[in-house]
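Each residue of the sequence shown is one higher than the one before, starting from 1 at the first, in the UniProt record's numbering. C-beta atoms are modelled at their ideal positions from N, C-alpha and C, and glycine is treated no differently.
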Amino acid sequence: MPDKGAYAFVPLSRADYPMMRGWLAQPHVRAWWGDPEDEIALIEADMDGHLAGTGPTDMRIVTLDGAPFAYVQDYPAHHWPMPHYAGFPPGTRAMDTFLGDPAHHGRGHAAHYLHQRAADLRARHPAVVIDPSPANERAVRAYRRAGFRDRFTAPCEDGDPVIVMEFDAAAPAPSAST
């Protein structure tokens with residue numbers, strides 16, 4: 001497993017859209033994210049707001065030794081109506097992510113880059129949360145290894161159940177064997 005410093009979080013640019021479309025079309029991503037063109041349209045709207053100084057979402061391509069392989073974003077948990085985050089303090093950041101390149105599956109990368117990113121966010125915010133579907137067992141396992149702890153299961157904004165997980169700032173970085 002590479003040193004944690006080998007992961008970098010590069011701001012998403014429009015030049016990344018073809019790669020993002022390819023990742024979003026992968027079966028392992030498509031199972032949990034929407035149609036690639038719909039997702040790109042949402043990203044575009046966030047990008048326009050971000051560039052105009054009004055967008056709340058920080059969108060990043062995760063690289064390993066300079067090679068892109070995943071996507072992660074974070075945003076204010078209370079910016080959109082997300083009732084499952086209502087009990088968290090103002091300033092809480094929510095995260096979403098996917099590992100785009102299937103060649104990186106099963107190697108512990110998600111747990112490692114998520115721990116690195118969540119620890120950085122937690123140093124600046126009162127809480128960092130994530131909300132996987134209980135059916136997305138692979139993601140739930142990775143989030144737990146990254147240091148996220150289950151808080152409760154609740155319906156999200158569309159009524160589907162999610163596991164609300166909060167990053168534990170005291171959680172150690174995942175070991176090389178995870």
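Report the three-state DSSP secondary structure of residue i (helix, strand or coil).
i, result
"Leu114", "helix"
"Ala171", "coil"
"Arg93", "strand"
"Ala8", "strand"
"Asp74", "strand"
Can you say whether residue i is buried or exposed, counting buried as having 16 or more other CB atoms within 10 angstroms of its CB?
i, result
"Val72", "buried"
"Trp23", "buried"
"Arg122", "buried"
"Pro174", "buried"
"His84", "buried"
"Ala86", "exposed"
Is residue j closer than 8 angstroms to residue i when the C-beta atoms are compared?
i, j, result
"His115", "Gly147", "yes"
"Met95", "Asp65", "no"
"Val140", "Arg151", "no"
Please report the straight-line C-alpha distance between residue i and residue j, rounded to a whole angstrom.
i, j, result
"Glu39", "Ile130", "18 angstroms"
"Leu42", "Ile61", "16 angstroms"
"Met19", "Ala70", "10 angstroms"
"Asp168", "Ser13", "30 angstroms"
"Asp160", "Arg149", "20 angstroms"
"residue 179", "Asp16", "In the structure as shown, the chain starts at 1 and stops at 178, and residue 179 therefore has no counterpart that could be examined."
"residue 203", "Ala135", "Any question about residue 203 goes unanswered here, given that the chain covers just 1 to 178."
So residue i and residue j are in contact, right, with Cβ under 8 angstroms, and what is the actual spacing, rounded?
i, j, result
"Val162", "Pro132", "6 angstroms"
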